[in-house]
Structure formats: structure tokens, C-alpha cells
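Worksheet: one structure, shown below.
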Amino acid sequence: MTRVHIQGAGTIGAPLAYLLADRGTELGLDRVTFTKHTPRRSDAPLVDRVREAGAEFVVDEDRRKQFAQSGFDVDGELDGTVEEATVVVEATPSGIALDRKPTYETMDGPEGFLAQGSEAGFGTPFALGVNNDVLDAVDDRFVHIVSCNTHNIAAIVRALGDGGHALDSGRVVCIRRATDVGQQGAGPLAPKLSVHDADEGTHHAEDVVDLYGTRDQDLDLFSSAIKVPTQFMHTIWFQLDLDDPVTREEAIARFEDDEYIALTDKMNADLVFNMGRQFGPFGRILNQGVIARESIHTDGSTVSGFCFTPQDGNAILSNVAAVSRFVHPKEWRKRVAAFDDLIVDSI
């Protein structure tokens, strides 16, 4: 029996559990289980929606009564679930997956363990469409699904720079939203700058360099970041210097040809975000980036512009791919291709 267990039911965990349960047949999954740690009554409706897709909600035995009293329907107990899973997906807050890794290393049952963007060092970094060959050849059980902005920047490099091979150098600025939609507590009330604490500036470029490094490519990339008081979308400003001159039309055509990038004529993040909420799967955009067509500018071999980051969704299909890789190592690409209907060309 193939079973995927998801630790956490937040921004990544809940939609991933829903998608895997709803379309598990296409991945050859028999069961999907998920858990959360805190029995907040306000979260019960979200858990109900995920259960309606077919996922089973499991909790610690000593907390089962608390969850029931808080209005949760519980399908089983967490004890033994992780050990018996084929793949374990960590979608917990920052640092937890890394803390749990030593325990996971002692388990013989699971074929693979995944962790999300903040858990750099958990395993082999992966983004769908960037280093698929590396996922084919991964020789351990631990995979790190890179962050939303890493997905976006890596996709821009892939599209414009011929998979990074034609990139001379690049500079990006991550204009980050303050908090996730639905997240309680105020973020910064004014723009807040990030420290340049890596050779590549902020961790955003560093993570992209590490990602392409799995393909033995050494990118010249530098990033800065600023957090602004909005809940809509992160936005990437980029300026890439390529090996050869490129026209604006050619640059746009490269984005159009990229499987996981969408283009938009909208110049407002709220309008792009709204399209995802209205028409996207579980209210999300699963493309890795949304290029603002009118922002694209070229000057010789330099291309600059803006790209919106679908931060609630653009890592979902990378998780699906990695799950499928451990369940069906020889046919995971074919299995993931069944989800192409969730990717759009324009927004």
C-alpha cells in the first residue's frame, strides 16, 4: 500500500493534502494522511474540507480528546503513521523538519522525506523543471523543496538563460509581502529591508545558486529583499545579463515557451492574486511565476522586468513530483504530467 503522510495543515500542507487525496489515483496513491499540532477550533472547517477530498486526519493519541472537543473529526492516531508511510512531507513551521531529520534517519519504512523552503540543508534542493535529472538520480531519501521566490527566480533564469547556460550574471530584488493571507498578527507597517548576509546578497539568490549547483552550474546571481505591508503577492524585479543580445519580443517569447511560467497584461498584484482566488485550484496559482508582459525591457543582452510570485501555490507541483518520484521512480514524470491541466498560460 502506498501512503503519503503530511506533517502540518497550513499554507502548503492543507492544499497539498487536498490535491494528493483528490487526485491520488493519478499518482497511484492508496492513502493520504495529514496532521496538525494545535486544536484551534477556527481550523476545524479547513480540516473538514481536506477530509472531504479523501485525506485522513490523524493526531497524537494524547491530544485526540482536545481535537474532538474543539470540533474536529479525527480519523485515527498519529502513532505509527510516519513510520508506515511511503513518503513523509514536512509542511511545518521553520526549523521543525530539520529538528526531526535525525529521527527520520533512523526509520526504515519511508522511501522518502520532503521539507519546504525554509529548511535549507534538509536534503537535495529541488524545483520542478529546473533539476529534474537530479531528482532522477537522488541517492538518499531527503529532498528539500525550495521556497516560492527561489522557484520564481530559478524559473526566470531557466526561461531567459537557456536553463542558466546562457546567463552571464543577474541581479534580483525580492519585494516580499508582509504576511500570508489569513495569517493573524500584523507584519511591518512600513517597508523593511533585509540584510545582505550571504556572498550572493540575501538567501534568495544563494538558494537559486545552490539549486543550479546540483546541475554543476555556477551562477553569478545577487539578490536584495524588502518586505512591504501587503498580503497579496511577492514580486521579483530582475535584471539578467545574457551571453548574446536579445530583443524584447524574443525575451517575451522565451517566457511564453516556458512550461511553468504564465504571462499577464495586469500590472497590479491584487488583480493577479484575485484571478488565482477566483479560478485557480483551491484558490491558488500553481505556475512558478507570472511575468508582467508590459514590464519587460531589453537593452542589448540585458533583460529586466517584474514577475509576480504565486507564493501559496508555486511549490505545490514540485512536492507532487517529489512524492511521485519516491512512489514510482521510473515513471514519475509521466505521473506528474497528468497535472499539467493545473498550469495556465496567461492570467
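For the sequence shown, my numbering assigns the number 52 to the initial residue and increments by one for each residue that follows. Beta carbons: idealized from backbone N, C-alpha and C, even for Gly. Nothing here was measured: the structure is a model prediction, and the numbers come from that model.
For the pair Glu301 and Ile277, the Cα-to-Cα distance works out to about 30 Å.
Distance check between Val395 and each of Asn319, Gly331, Ser352 places Gly331 closest, using alpha-carbon atoms only. A residue is called buried once 16 or more other Cβ atoms fall within 10 Å of its Cβ, and Ser145, having fewer, is exposed. Counting C-beta pairs closer than 8 Å gives three or more between the segment 191-206 and the segment 247-259, which meets the contact rule. Annotated three-state conformation of Thr253 is coil, per DSSP. Inter-segment contact for the segment 374-389 and the segment 134-143 is present: three or more beta-carbon pairs are separated by less than 8 Å. Rounded to the nearest whole angstrom, the CA to CA distance from Asp309 to Val323 is 19 Å. Three or more pairs of CB atoms, one per stretch, sit closer than 8 Å, so the segment 67-74 contacts the segment 103-117. Contact between Asp73 and Thr53 does not hold, since their C-beta atoms are separated by about 16 Å, which reaches or exceeds 8 Å. Inter-residue distance for Ala205 and Asp292 is about 15 Å (C-alpha atoms, whole angstroms). When beta bridges are read from the DSSP output, Phe289 appears opposite Val223, Gly356.
Boundaries cannot be given for Ser245, as no beta strand (DSSP E) includes it and DSSP labels it neither H nor E.
Relative to the Cα of Arg384, the nearest Cα in the group Gln167, Val101, Asp187 belongs to Asp187. Spanning the alpha carbons of Asp190 and Thr175 requires a straight line of approximately 9 Å. Annotation: the continuous alpha helix (DSSP H) that includes Glu135 extends over 132-135. About 7 Å separates the beta carbon of Asp294 from that of Ser352, a gap short enough to meet the 8 Å contact definition. When secondary structure is reduced to three states using DSSP, Val371 falls in the helix class. Glu170 has its alpha-carbon roughly 25 Å from the corresponding atom of Ile312. Beyond the five residues adjoining it in sequence on each side, Ile367 comes within less than 8 Å, by CB distance, of Ile63, Pro66, Leu67, Leu70, Arg335, Leu337 in the same chain, given in chain order.
The beta carbons of Gln282 and Thr315 sit about 19 Å from each other, so the pair does not count as a contact at 8 Å. Contact annotation: Arg266 and Val341 have beta-carbon atoms that are not nearer than 9 Å. A Cβ-Cβ contact shorter than 9 Å links Phe173 with Lys152. The continuous alpha helix (DSSP H) containing Phe306 extends over residues 299-308.
For Glu112, no alpha helix (DSSP H) segment is defined, and its DSSP state is neither H nor E. Counting every other CB atom within 10 Å of its CB across the protein chains shown gives Arg92 a total below 16, marking it as exposed. Taking the CA atoms as reference points, Tyr155 sits about 10 Å from Leu149. For Ser145, the secondary structure class from DSSP, reduced to helix, strand or coil, is coil. In the three-state reduction of the DSSP assignment, Thr157 falls in the coil class. In summary, Gln339 is buried, with 16 or more beta-carbon neighbours lying within 10 Å of its beta-carbon over all protein chains present.
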